[in-house]
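Just below is one structure, and these are the notes that go with it.
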Amino acid sequence: MDELTVVRELRADAPVGAPDAARQTLMDAMTPSMGVRRSRGRWPAAAAAVAAVVVTALVVQTGPAASPSAAAVLGRAAAAAASDPVPRPRDDQWVFRTMYGGATEGGVRLIPGEAWDRFDGTQFANAPSDHPEQLHVMDIEVDPRIPSAAAWYDAATRWPHEPEALLAALRDSGLVVAEGGSEAVRNYDAVVDALGQPVLPAQARADLFRALATIPGVTVDDEADPDLLGDPVLAVVLDGAPDAAGFDNRRELLLDPQTYAYRGERVTALEDAPIDGKKGSDPKAGQTWFESTETDPVVVDRAGQRG
Amino acid sequence: MSTPNPPPWSGRTDPQVVAASVHDPAAFAEIYARYADDVHHYLRRRLGSDVADDLTADTFVAAFGARTRFDGAAASARPWLFGIASNLAAKHRRSEVRGLRAYARTGVDPVASSWSDGADDRVSAQALNRELATALSELSAGDRDVLLLVAWAELSYAEVAAALQLPVGTVRSRLNRARRKVRTTLSPGTERVAVRPLTALETRGGHHG
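Heads up: the sequence lines are chains A and B, in that order.
Per the numbering used here, residue -6 is the first one in the first sequence, and the count goes up by one each step.
Per the numbering used here, residue 10 is the first one in the second sequence, and the count goes up by one each step.
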């Protein structure tokens, strides 16, 4: 097999045709006296959630079983979160994210891709990747079991700050579904669910990191496997965490190592554990059976905008 | 300055068109017409549709700005343009490697997703392409540039040398190294040696005559 032939065939199905906008940009540059260069849509370089990292570690109240390094790291994450104000978007603004991965079902990885959620939850939009200009906007019937980003934000402004009270408030909020096989797992899942919400008040995010540090068994792994995009991540780990069926998993909350922004999650089976109760089916011990990676969310005025 | 009957460009060489564009900027549109699709296609395969759209525009704007320095003795503007495109693509090196690693890990190519549906069901090609993506991600940037300019932009050694401003010997050794890396990754273990089929004589245990 000639390796050059193999390379030639990779992505050979890419469509041919430079976009008209590129030609127009050149035309504009060729005649600068004729007006302003048209701006081109660009990927957002960084989202509002990226914060200047505060390096001084705060003294954090920790539960007896959290490892010291986890307390220090989560303390820094809390400081970073607290120093990055997140104003409440308008109800008619949208949250844009790109998501990769998901549950493995039959070996196929699901890629939701680019998605826009209206902040008040009344609409959802996405676009086929081969026709990104064909935005498909859908009206959503608000389902109280799927809280909108606004519902989360507004609830979070009223949460207690103290870790034990915050965990109780989360459990009672009706916002999270935490069904793990131990109290530590249920608390961990609730906090991770909350931290995965795209827009939360800065204080609430900081309090969530501090609460995470009080959960027994939580550790930090700064040599975790990279995320689905190959980027390095910092993992906040709960090992030996039995799920609702009693099977042990390793749960990881993945954070940006510099900004502590939410990057995604991973769950790895620690023992052979059939997902649907059928013995002998996936996942096997050591298998990562859930993984997601998300880009930093961006608040935009209209669906289809990326920043 | 425009003339009532602009000269037809079809008979003119690239250097002639570029030279004309020094004083008649509108002539540069012909260079775009000749090469934009090829440059865009190459960038699209490396970095996906969105980045390719931006970088294609940037390539031609940069070329337009540098047109007075274009070597009049060059046979074609193609290597020049691909050189500029490669330099611009270099700034997206990290995301290129990320995309290749994601492809290797998940079997789904985020670059190809930018022009096709997410579900790629060419299952038979999966394993090979994932290994290829691994190999490409592990090449040095310089080796990868040379390999892909040859494989995707279909430049000759001399054209790659002109594009990247390197000696031809360096181009040749980078390409060899890249090809060896790909070959080794796709066929792990010892390289297969062609086995000569036994002749009828030999199968009879060496009887002669």
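Just so you know, even glycine gets a beta-carbon here, dropped at the ideal spot from N, CA and C.
Nearest-angstrom Cβ-Cβ length linking residue i and residue j, presumed shorter than 8 Å
i	j	result
Ala72 (chain B)	Ala11 (chain A)	Between Ala11 (chain A) and Ala72 (chain B) the Cβ distance is about 14 Å, and since that is not below 8 Å, they are no contact.
Leu64 (chain B)	Leu90 (chain B)	Not a contact, Cβ separation roughly 12 Å.
Gly239 (chain A)	Thr261 (chain A)	No, Gly239 (chain A) and Thr261 (chain A) are not in contact; Cβ-Cβ is about 16 Å, not under 8 Å.
Leu163 (chain A)	Val184 (chain A)	7 Å
Ala172 (chain B)	Gly92 (chain B)	4 Å
Thr22 (chain B)	Val48 (chain B)	Actually they do not touch by this definition, with Cβ atoms about 19 Å apart.
Phe202 (chain A)	Ala63 (chain A)	Wrong, their Cβ atoms sit about 10 Å apart, outside the cutoff.
Ser58 (chain B)	Ser123 (chain B)	4 Å
Tyr255 (chain A)	Ala73 (chain A)	Not really, about 12 Å apart at Cβ, beyond 8 Å.
Ala75 (chain A)	Ala199 (chain A)	4 Å
Pro80 (chain A)	Pro191 (chain A)	14 Å between Cβ atoms; not a contact.
Leu19 (chain A)	Ala61 (chain B)	The pair is not a contact, with the Cβ atoms about 15 Å apart (cut-off 8 Å).
Arg188 (chain B)	Leu(-3) (chain A)	6 Å
Contacting residues, own chain, Cβ-Cβ under 8 Å from residue i (five flanking each side not counted)
i	result
Thr194 (chain B)	Glu140, Leu141, Thr143, Ala144 and Glu147
Lys190 (chain B)	Ala144, Glu147, Leu148 and Asp152
Arg76 (chain B)	Val27, Ser30, Val31 and Phe37
Leu248 (chain A)	Ala70, Val226, Leu227, Ala228, Val229, Ala254, Tyr255 and Arg256
6 Å Cβ shell around residue i - same chain, five flanking residues per side excluded
i	result
Ser95 (chain B)	Asp154
Glu245 (chain A)	Ala228, Val230 and Arg259
Glu168 (chain B)	Pro88
Asp241 (chain A)	Gly233, Pro235, Leu263 and Glu264
Ala39 (chain A)	Note that Ala39 (chain A) scores 25 on pLDDT, short of 50, meaning its location in the model is unreliable and no value can be drawn from it.
Trp150 (chain A)	Sequence check: residue 150 (chain A) is Thr here, not Trp. Around Thr150 (chain A): Pro194.
Gln298 (chain A)	none
Asp182 (chain A)	Ala171 and Gly173
Tyr51 (chain B)	Trp161 and Ala162
Trp109 (chain A)	Trp87, Phe89, Ala118 and Ala296
Arg53 (chain B)	Ala61
Leu188 (chain A)	Leu201 and Tyr255
Spatial neighbours of residue i in its chain, beta-carbon cut-off 7 Å, leaving aside the 5 residues before and after
i	result
Glu4 (chain B)	The structure shown has nothing for residue 4 (chain B), since chain B only spans 10 to 218.
Val150 (chain B)	Looking at the sequence shown, residue 150 (chain B) is not Val but Ala. Once the five neighbours on either side are set aside, the close Cβ partners of Ala150 (chain B) are Ala99 and Arg102.
Arg55 (chain B)	Ala98, Glu105 and Leu157
Thr288 (chain A)	Arg90 and Thr91
Asn180 (chain A)	Leu160 and Ile208
Gly81 (chain B)	Pro24 and Ala28
Arg192 (chain B)	none
Thr286 (chain A)	Tyr93, Gly94, Asp220, Leu221, Leu222, Arg256 and Gly257
Arg183 (chain B)	Gly151, Asp152 and Val155
Leu205 (chain A)	Leu67, Val184, Val211 and Val229
Val159 (chain B)	Val169 and Leu184
Chain-ordered chain C contacts of residue i [CB-CB under 9 Å]
i	result
Met131 (chain A)	In the structure shown, chain C does not exist; the protein chains are A and B.
Pull out every residue of the region 70 to 100 of chain B whose Cβ sits closer than 7 Å to any Cβ of chain A, in chain order.
Under the 7 Å Cβ criterion, the region 70 to 100 of chain B contributes Val70 and Phe73.
Stretch-stretch touch, CB-based, cutoff 8 Å, three pairs: the region 141 to 149 of chain A with the region 203 to 212 of chain A:
As far as the Cβ criterion goes, the region 141 to 149 of chain A does not touch the region 203 to 212 of chain A, which means the pair count is below three.
Does the region 130 to 142 of chain A come close enough to the region 110 to 118 of chain A to have 3 or more Cβ pairs within less than 8 Å?
Judged by Cβ distances under 8 Å, the region 130 to 142 of chain A makes contact with the region 110 to 118 of chain A, as three or more pairs qualify.
Is the region 81 to 96 of chain B touching the region 107 to 115 of chain B, taking contact as three or more C-beta pairs under 8 Å?
No, the region 81 to 96 of chain B does not touch the region 107 to 115 of chain B.
Entirely within the region 183 to 232 of chain A and at least 3 residues each: give me those beta strand (DSSP E) ranges in chain order.
Fully enclosed beta strand (DSSP E) runs of 3 or longer: 211 to 214.
Using 8 Å as the cut-off, can you tell me whether the region 26 to 37 of chain B makes contact with the region 0 to 18 of chain A, which would need three or more C-beta pairs spanning the two stretches below that distance?
Contact between the region 26 to 37 of chain B and the region 0 to 18 of chain A is absent, because fewer than three Cβ pairs lie under 8 Å.
Members of the region 13 to 47 of chain B that neighbour chain A once the beta carbon cut-off is set at 8 Å:
Identification of residues in the region 13 to 47 of chain B having a C-beta nearer than 8 Å to some C-beta of chain A yields Pro34, Ala35, Phe37, Ala38, Tyr41, Ala45 and Asp46, given in sequence order.
Quick one: any contact between the region 167 to 179 of chain A and the region 215 to 228 of chain A, if contact means 3 or more CB pairs under 8 Å?
No: fewer than three Cβ pairs fall under 8 Å.
Tell me which residues of the region 195 to 219 of chain A have at least one Cβ-Cβ distance to chain B shorter than 8 Å, keeping chain order.
Answer in chain order: Pro219.
Residues within the region 155 to 169 of chain B neighbouring chain A, beta-carbon criterion of under 8 Å:
When C-beta distances to chain A are compared with 8 Å, the residues of the region 155 to 169 of chain B below that value are Leu156, Leu157, Val159, Ala160 and Trp161, in chain order.
According to a CB-to-CB cut-off of less than 8 Å, which residues of the region 276 to 297 of chain A neighbour chain B?
In summary, no residue of the region 276 to 297 of chain A has a CB separated from any CB of chain B by less than 8 Å.
Using a Cβ-Cβ cut-off of less than 7 Å, list which residues of the region 182 to 196 of chain B approach chain A; keep chain order.
So the list reads Arg188, Val191, Arg192 and Leu195, given in the order they occur along the chain.
Which residues, in order along the region 2 to 18 of chain A, keep a beta-carbon less than 9 Å from a beta-carbon of chain B?
Of all residues in the region 2 to 18 of chain A, Glu2, Leu3, Arg4, Ala5, Asp6, Ala7, Pro8, Val9, Gly10, Ala11, Pro12, Ala14, Ala15, Arg16, Gln17 and Thr18 have a Cβ within less than 9 Å of some Cβ in chain B.
Uninterrupted alpha helix (DSSP H) stretches inside the region 133 to 162 of chain B (no shorter than 4 residues)
Segments of the alpha helix (DSSP H) lying fully in the region 133 to 162 of chain B: 150 to 160.
Length-filtered (4 minimum) alpha helix (DSSP H) runs lying within the region 25 to 89 of chain B:
Along the region 25 to 89 of chain B, the alpha helix (DSSP H) occurs as fully enclosed runs of 4 or more residues at 37 to 56 and 58 to 74, listed in sequence order.
Looking at chain B, which residues of the region 238 to 262 of chain A have a Cβ within less than 7 Å of any of its Cβ atoms?
For the region 238 to 262 of chain A, no residue has a beta-carbon sitting nearer than 7 Å to a beta-carbon of chain B.
Report the residue ranges of all beta strand (DSSP E) runs contained in full by the region 115 to 167 of chain A; include only those spanning at least 3 residues, in chain order.
Those beta strand (DSSP E) runs which fall completely within the region 115 to 167 of chain A and span 3+ residues are 116 to 119 and 129 to 132.
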